[in-house]
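All remarks here apply to the structure that follows.
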Amino acid sequence: MNRRARRLASALIFSLGISACASSPQTRLLLDNPPDLPAVVELSAVPFFPQQQYHCGPAALAGIINYRGTEVVPDEIARLVYIPDLQGSLQVEIAAATRQFDLLPVQLDGQLDSLLQELAAGNPIFVLQNLAIDVYPVWHYEILIGYDLEQRHMILRSGVNRRITRTFALFEKTWQRAGYWALAVVDPGSIPATASPEDYLAAVIDMEQVGQLDSARRGYSTALRRWPDSLLAFSGLGNTSYALKDYAGAELAYRGALVIEPGKAELWNNLAYALAQLGRRQASLEAIEQALELDPDDATFQESWRELSDWSY
Amino acid sequence: MKFKILLRSLPIVLAVVTVGLPAQAGMVATDKIQNSGVTAEVVDVSAQRDWIQARLLQGGIAQPEAIARVSAMTDVEVARLYQRVDDAPAGGADILIIGLVVFAVLEITGYIDVIPNK
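Protein sequence lines correspond, in order, to chains A and B.
First residue of the first sequence? That's 10 in the working numbering, and the numbers climb one at a time after it.
First residue of the second sequence? That's 20 in the working numbering, and the numbers climb one at a time after it.
Pasting the structure below:
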């Protein structure tokens, strides 16, 4: 029995456990305190790809990736995200797929008014919705392309529909049942309007982790322009520069980080390697000795010291 | 010998090109710098990756794609998915048999939105 039939059976057996979430608190707040944004926004330039059966993820993601400048069709995305026996796509794989197009999947904060701010800033949003009920969910990915504060609705590209509207109140419910999950998908040269440094940098770190170093380095640089005191952004810039063999850039970034946090032994450790690569033996050994002074028992730094002492210049 | 480099080992079949990563034994990766002072839980990430890869194969995906797709996930994403693939939302939006009456009531009262407004 496929999983949907199983779910249906549970739903019928246990009767409708309609959750108590009949209200839309964020919508109420929004309408009581309208944000200082344009009354109507519609990103009509977002391309539309009608979905094939079960392929709402690939269709929606194709729309956003094309909007960001890379031509791709849903079938290409499906190969990265679709799981036949689940008849759908997982959120993790959606995020992984966007990275493969050198785009950052930045998690948003779950606030309705943030979505409006993103739209007003020109960012279409990839959203998950549960269009049915908690015990029998109908999961659906859509692109949020606009809103209308007077009509009180969202505007979406959805499934086989180029353009649908959904009231703020209903959108909030279907979104709440999907854990308020939404992604702003941006080039690493940009930051979504409402992204926190933590959420932005989390996406950049992910990019680095899967080996997309150029994009990650750009993301760290972008983060530093906005958040010049970010230890994490400096550290990431150092590591990605190093991995890209830009050792001078790595040194600068590590030193930038150390201005903020001179007691961070890991940074002295990594700086020591960059200095070795730059042929500066004395400085390299001083740096690793600094790391060891801060943390004498750390096995990594001890190994580093051995490796750097034997470094061939 | 502990490797604290940016990446763990990757299979050859990869959608993403990774170039010239130095296998510097002693360097500390960005996420470890972020979490320094926090004792990392010892997790067998490669076993988790193998599990997910097997699950994808079972789910109807060809092996080269399954390998590539698992490689495209971060360690944290792998941990999140490990053993939870069948419970996670899988956006597909196929409208199957919901009791007709139930469906009609929910749709008309605006509690659900399976039939959209254009």
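Each residue gets a CB set at the ideal place from its N, CA and C atoms; glycine is no exception.
Computed from a predicted model, the values in this text were never measured in an experiment.
C-beta atoms of Leu210 of chain A and Leu241 of chain A nearer than 9 Å: yes
Members of the region 61 to 83 of chain A that neighbour chain B once the beta carbon cut-off is set at 7 Å: Gln62, Tyr63, Cys65 and Gly66
Same chain, Cβ closer than 7 Å to Phe180 of chain A, neighbours up to 5 away in sequence not counted: Met163
Endpoints, the beta strand (DSSP E) within which Thr176 of chain A is located: Asn170 to Thr176
Burial state of Lys182 of chain A, where buried means 16 or more other Cβ atoms lie within 10 Å: buried
Proximity to Thr49 of chain B [Cα-Cα], best of A:Met216, A:Glu312 and A:His64: A:Met216
Buried or exposed (CB count within 10 angstroms, at least 16 for buried), Ser321 of chain A: exposed
Three-state secondary structure (DSSP) of Val89 of chain B: helix
Chain B residues whose Cβ lies nearer than 9 Å to that of Leu89 of chain A: Ala34, Glu84, Ala87, Arg88 and Ala91
N- and C-terminal bounds of the alpha helix (DSSP H) containing Gly8 of chain A: The structure shown does not extend to residue 8 of chain A, since chain A is modelled only from 10 to 322, so the question has no answer here.
Phe310 of chain A beta carbon less than 9 Å from that of Ala4 of chain A: Given a span of 10 to 322 for chain A in the structure shown, any question on residue 4 of chain A remains unanswerable.
Any C-beta of chain B under 9 Å from that of Tyr150 of chain A: yes
Inter-residue spacing [alpha-carbon to alpha-carbon] between Glu295 of chain A and Trp277 of chain A: 9 Å
Cutoff 9 Å: Glu96 of chain B Cβ touching any chain A Cβ: yes
Under 9 Å between C-beta atoms of Asp196 of chain A and Thr174 of chain A: no
9 Å Cβ cutoff met for Ala202 of chain A and Leu113 of chain A: no
Residues within the region 101 to 112 of chain A neighbouring chain B, beta-carbon criterion of under 9 Å: Val101, Glu102, Ile103, Ala104, Ala105, Ala106, Arg108 and Gln109
Residue-chain proximity (Leu284 of chain A, chain B), Cβ-Cβ < 9 Å: no
Inter-residue spacing [alpha-carbon to alpha-carbon] between Ala178 of chain A and Ser123 of chain A: 15 Å
Host beta strand (DSSP E) of Tyr150 of chain A (start-end): Trp148 to Asp157
Opposing strand residues paired with Ser167 of chain A [DSSP bridges]: A:Asn170
is_contact[Ala191 of chain A, chain B] using C-beta, thresh 9 Å: no
Close beta carbons around Ala225 of chain A, own chain, < 8 Å, minus the five adjacent residues each side: Pro197, Val213, Ile214, Met216, Glu217, Gly245 and Thr249
Proximity winner among A:Val82, A:Gly72, A:Gln96 and A:Ser33, relative to Gly129 of chain B (alpha-carbon distances): A:Ser33
Contacts of Ser244 of chain A in chain B (Cβ-Cβ under 8 Å): Thr49, Ile52 and Gln53
Close Cβ partners of Thr79 of chain A (< 7 Å) along its chain, the five nearest in sequence each way excluded: Phe110
Through-space distance from Ala81 of chain B to Asp255 of chain A, alpha-carbon basis: 38 Å
Where Asn4 of chain A sits in the DSSP three-state scheme: No answer is possible for residue 4 of chain A: it lies beyond the span of chain A, which begins at 10 and ends at 322.
For Leu267 of chain A, three-class secondary structure by DSSP: helix
For Ala106 of chain A and Val90 of chain A, believed in contact at Cβ under 8 Å, the rounded distance: 5 Å
Selection from A:Leu95, A:Leu117 and A:Ala87 that minimises the alpha carbon distance to Ile103 of chain A: A:Ala87
Within-9 Å CB hit, Asp69 of chain B to chain A: no
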